[in-house]
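Protein chains in written order, with my numbering: chain X, 520 to 759; chain A, 520 to 759. Ideal placement from N, C-alpha and C gives every residue a C-beta, glycine not left out. Note sheet for the following structure.
2 protein chains.
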Amino acid sequence: MQNTDTAFEIPASQRPAVTVDIVVFTLQERELHSLLIKRSYPPFQERWALPGGFVKLDEPLDQAARRELEEETGLHDVYLEQLYTFGEPSRDPRTRVISVAYFALVRADQQTPHTSNESSEVRWFPVRELPQPLAFDHDQILRFAVDRLRSKLEYTTLAFQLLPQVFTLPELKQTYEQILGEQLDRGNFYRKIKEAALLEPVGQVRESGGRPAALYRFRAERREGDFVFRWREARIERDR
Amino acid sequence: MQNTDTAFEIPASQRPAVTVDIVVFTLQERELHSLLIKRSYPPFQERWALPGGFVKLDEPLDQAARRELEEETGLHDVYLEQLYTFGEPSRDPRTRVISVAYFALVRADQQTPHTSNESSEVRWFPVRELPQPLAFDHDQILRFAVDRLRSKLEYTTLAFQLLPQVFTLPELKQTYEQILGEQLDRGNFYRKIKEAALLEPVGQVRESGGRPAALYRFRAERREGDFVFRWREARIERDR
DNA sequence: CCTATTTGTGTAATTTGTACACAATCTATC
DNA sequence: GATAGATTGTGTACAAATTACACAAATAGG
């Protein structure tokens with residue numbers, strides 16, 4: 520840490536700008552989507568970009584992320600988690616901008632984003648069909664967020680933040696499959712979920728073409744806290 | 520992201536300062552230690568603090584971390600990884616300072632830190648006996664780093680960055696035990712390590728009071744990359 | 001009432017984790 | 001130089017978890 524006051528003689532003009540950018544995920548039609556806004560001004564005019572903006576001088580970082588997200592898209596009360604800080608000097612052609620990236624999860628049934636005076640267009644894109652390239656280094660940030668979401672899914676209850684309040688086991692399984700990108704065994708998946716005692720039956724069913732599926736909700740006391748269960752053994756040689 | 524140029528009309532005086540702080544870990548006498556420097560000036564005069572300092576306007580964040588670490592302690596060529604960004608408005612009493620925290624790992628046999636004109640005193644402290652409180656929010660940052668190190672140890676080869684080039688299996692096991700804070704079974708540990716094919720026998724032995732231990736080095740092709748093996752199953756209910 | 005479809009449960013085979021015993025190799029001591 | 005003590009290294013039986021797959025249950029449609 521700065522250990523002399525001389526450090527504070529750095530002229531304010533020499534200070535970098537600090538922004539927050541938010542990667543918002545949701546599920547739509549059983550596919551993982553991310554929210555992008557279309558830029559109206561240069562640089563990267565007409566390109567799609569992550570929502571975000573400048574951190575105010577007296578504002579905590581996560582609060583800045585929530586504020587910018589609501590201002591630009593209307594989304595609020597989302598699950599929010601800091602992702603990584605991107606600070607390459609050339610990432611913004613205008614000036615030095617250091618961006619603290621966040622990722623957010625929203626239930627699709629809950630809110631619909633809207634444009635604002637700051638954004639000409641706001642849209643959900645399937646993460647498998649993003650408009651490329653995005654503005655700035657937002658491609659990189661988004662990839663980073665997808666990787667993080669995928670790996671945290673295996674040892675947290677993050678998936679629940681993407682589902683409606685009430686859902687079926689097949690829907691939960693499909694959520695996992697969508698994000699992990701692989702098929703899971705129904706029997707093993709159901710057993711693991713039930714052993715973790717995360718769910719509470721609602722007592723109703725939902726039709727689905729065959730046998731109706733029972734509806735569940737999450738047990739409130741399990742909502743918070745990061746770790747609840749591990750879907751399966753980490754794969755040896757995963758990242759190669 | 521900022522999507523109008525008006526955002527850049529924010530006066531530079533309204534910009535926060537950005538620093539990097541580095542939590543440096545090493546092993547000394549088989550205990551995990553962290554490097555602190557004593558502050559010579561207010562605020563927090565005479566308190567111990569993490570090494571760190573201001574990010575220059577045209578400098579990548581990780582480069583800033585390496586530069587500050589070398590300037591303040593002389594340590595260089597360390598393993599470095601971004602940890603988290605701390606941005607509470609009140610964390611520095613003078614002005615808004617956003618700190619991108621890093622954690623670094625060094626082999627104790629390799630380098631010894633020295634003071635500089637910026638630091639009156641530099642010392643390794645066992646993480647179990649830190650001088651408290653530290654300056655700023657550095658207690659929090661350090662706890663955060665220890666937690667991260669501990670959890671990453673279970674699915675990465677980070678422990679290797681703390682050991683000398685050449686080491687024995689008992690030494691490796693002790694490193695894991697120190698950081699995880701629990702005893703491991705020798706037989707099971709050896710088997711896991713050997714199955715992962717991470718090590719290469721050097722062909723020599725080191726005396727240790729009883730039967731000498733064989734020396735190993737890491738296989739170069741396994742040095743990089745994050746994931747290599749998982750020491751063991753994640754503990755259910757870990758974070759509660 | 002039969003078939004197709006989807007949900008939900010059961011179970012055998014395999015793999016992995018755990019606990020602990022025992023052999024091997026050195027030092028120290030008498 | 002024999003023996004005890006200490007530490008490294010290997011083997012193995014048992015428990016637990018994972019995997020793969022079979023089968024029963026519940027509904028719709030013809």
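Distance between residue j and residue i (C-alpha atoms, nearest Å)
| i | j | result |
| --- | --- | --- |
| phenylalanine 622(A) | valine 543(A) | 6 Å |
| alanine 536(A) | serine 618(X) | 13 Å |
| leucine 580(X) | alanine 654(X) | 22 Å |
| serine 727(X) | leucine 602(A) | 45 Å |
| alanine 733(A) | valine 724(A) | 4 Å |
| proline 652(A) | leucine 594(A) | 24 Å |
| aspartate 577(A) | glutamate 607(X) | 8 Å |
| leucine 555(A) | threonine 631(A) | 13 Å |
| threonine 614(X) | glutamine 533(X) | 10 Å |
| glutamate 696(X) | proline 683(X) | 17 Å |
| aspartate 745(X) | arginine 738(X) | Low confidence applies here, because aspartate 745(X) scores a pLDDT of 40, under 50, leaving its location unreliable and the question unanswered by this model. |
| proline 731(X) | arginine 669(A) | 44 Å |
| proline 562(A) | arginine 705(A) | 48 Å |
| alanine 715(A) | phenylalanine 708(A) | 11 Å |
| glycine 722(A) | leucine 677(X) | 48 Å |
| valine 685(X) | arginine 586(A) | 52 Å |
| leucine 703(A) | glutamate 590(A) | 39 Å |
| glutamine 582(A) | alanine 664(A) | 19 Å |
| glycine 729(A) | arginine 710(A) | 21 Å |
| arginine 647(A) | arginine 647(X) | 46 Å |
| arginine 566(A) | lysine 575(X) | 29 Å |
| glutamine 629(A) | glutamine 629(X) | 56 Å |
Nearest to residue i (by Cα), restricted to the options the options
| i | options | result |
| --- | --- | --- |
| aspartate 596(A) | Ala627(A), Pro608(A), Ser609(A) | Ala627(A) |
| serine 559(X) | Gln651(X), Thr634(X), Ala664(X) | Thr634(X) |
| phenylalanine 605(A) | Gln684(A), Arg662(A), Gln697(A) | Arg662(A) |
| leucine 588(A) | Ala664(A), Val625(A), Arg534(A) | Val625(A) |
| glutamate 548(X) | Gln693(X), Leu599(X), Lys711(X) | Gln693(X) |
| lysine 557(A) | Val616(A), Ser639(A), Gly572(A), Leu546(A) | Ser639(A) |
| isoleucine 698(A) | Asp666(A), Thr687(A), Asn707(A), Phe686(A) | Asp666(A) |
| tyrosine 735(A) | Ala584(A), Glu578(A), Glu696(A), Phe679(A) | Phe679(A) |
| alanine 568(A) | Leu649(A), Gly706(A), Val685(A) | Leu649(A) |
| valine 616(A) | Phe573(A), Asp658(A), Glu590(A), Arg647(A) | Phe573(A) |
| leucine 688(X) | Leu677(X), Asp658(X), Leu668(X), Glu719(X) | Glu719(X) |
| serine 553(X) | Asp658(X), Gln702(X), Gln564(X), Leu703(X) | Asp658(X) |
| leucine 551(X) | Glu714(X), Val721(X), Gly700(X), Gly722(X) | Gly700(X) |
| proline 612(A) | Gln582(A), Glu590(A), Gln564(A) | Gln564(A) |
Heavy atom of the ligand NAD within 7 Å of residue i beta-carbon
| i | result |
| --- | --- |
| aspartate 656(X) | Looking at this structure, you won't find the ligand NAD or any other ligand, since it has none at all. |
Residue i and residue j closer than 8 Å at C-beta
| i | j | result |
| --- | --- | --- |
| alanine 584(A) | leucine 599(A) | yes |
| threonine 538(A) | proline 570(A) | no |
| leucine 691(A) | isoleucine 660(A) | no |
| arginine 610(X) | aspartate 540(X) | no |
| leucine 546(X) | leucine 681(X) | yes |
>> Quick check for students: name the residue ranges of the alpha helix (DSSP H) that lie wholly in the region 554 to 626 of chain X, counting only runs of 4 or more.
In response: 580 to 592
> Do the region 673 to 685 of chain A and the region 640 to 648 of chain A make contact, defined as three or more Cβ pairs closer than 8 Å?
Replying inline: no
> Which runs of the beta strand (DSSP E) fall wholly inside the region 673 to 749 of chain X and span at least 3 residues, in chain order?
Replying inline: 685 to 687, 718 to 725, 732 to 737
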